[in-house]
């Protein structure tokens with residue numbers, strides 16, 4: 114898979130969505146911007162990814178079932194849906210020269226990629242939950258057990274993530290949990306790097322990041338060349354990437370009614386617009 118293929122897959126699965134330049138997306142944080150990325154949609158599309166996410170959520174109440182349910186589904190998807198298989202196989206290419214004993218993934222969206230990759234490479238899988246608990250699933254999803262302190266002493270683990278932003282989950286949970294089990298981690302794979310400090314934070318922790326896609330001007334230019342976005346959308350993406358806050362202020366200056374119109378709506382849009390006002394980036398209207 115080359116860069117063109119993965120970019121086209123991100124758009125065809127709606128894993129990467131770009132807004133109309135005059136209608137940016139509202140984010141949960143209360144900020145807004147020109148794109149959304151849901152890497153797990155590469156599983157096939159939003160509907161199928163949503164079904165697997167529901168299964169993951171149910172399994173989190175009984176983590177020993179993660180392999181038999183989520184792992185089996187991901188492996189079936191690998192065998193039956195070629196675009197998803199291409200993503201998994203390209204991840205395998207990234208790590209072909211790396212030496213490791215286990216593959217790990219963190220709850221929840223990492224599991225979309227880590228289980229299938231572990232099965233493809235013949236490795237046991239480690240599921241790391243948000244509370245730090247670690248569960249081992251053997252090859253072919255036959256057995257599962259919780260991993261205790263120092264039980265993986267001397268093992269090298271390759272962590273597989275769907276998306277890296279600031280790598281806060283790594284620093285807060287994934288790395289300490291593996292270390293508690295006695296394992297070490299020097300490399301991690303991710304489908305997408307958003308270039309928001311995660312690579313640098315991982316490097317400071319002694320972990321090298323390899324990814325299929327890096328979000329930034331080169332990615333936006335390629336998407337435009339492939340006809341996935343317009344020149345105007347590319348300009349919005351470049352502006353946001355360079356300085357998100359300045360992008361928002363410039364947009365509000367050009368669209369003075371945008372905030373008030375958002376506050377007049379119901380539901381999440383209004384909540385996020387009010388949250389934006391609380392950030393103090395833009396003077397409130399009298």
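In this note's numbering, the protein residues as written are 114 to 399.
All C-beta atoms, glycine included, are put in the ideal place defined by N, C-alpha and C.
- Where residue 277 is concerned, the enclosing beta strand (DSSP E) starts and stops at 269-277.
- Look at the beta carbons and you see the segment 251-262 not touching the segment 277-287: under three pairs across the two are nearer than 8 Å.
- Residue 307 and residue 140 do not touch by the CB rule: their CB atoms are close to 13 Å apart, not below 8 Å.
- For residue 395, the three-state secondary structure derived from DSSP is coil.
- Counting along the chain, residue 219 sits inside the beta strand (DSSP E) bounded by residues 215-219.
- Distances from the CA of residue 314 to each of 251, 342, 198, 282 were compared; the closest alpha carbon is that of 282.
- In the structure shown, the three-state DSSP call for residue 240 is strand.
- Under DSSP, residue 309 takes part in no beta bridge, so it has no partner.
- Per DSSP, residue 249 lies in no alpha helix (DSSP H); the unbroken beta strand (DSSP E) holding it starts and ends at 247-250.
- Measuring C-alpha to C-alpha distances from residue 166 to each of 233, 348, 223 identifies 223 as the nearest.
- For residue 362 and residue 309, the gap between their C-alpha atoms comes out near 20 Å.
- By the neighbour-count definition (other C-beta atoms within 10 Å, threshold 16), residue 160 is an exposed residue.
- Under the three-state reduction of DSSP, residue 235 is assigned to coil, being neither helix nor strand.
- Note on the segment 125-178: whole beta strand (DSSP E) runs with a minimum of 3 residues are 129-131, 148-150, in chain order.
- Taking residue 215 as reference, the option from 132, 321, 266, 333 with the minimal CA-CA separation is 266.
- DSSP, reduced to helix, strand and coil, places residue 260 outside both helices and strands of the structure shown, so it counts as coil.
- For a cut-off of 8 Å, the C-beta gap from residue 180 to residue 238 is around 7 Å, short enough to register as a contact.
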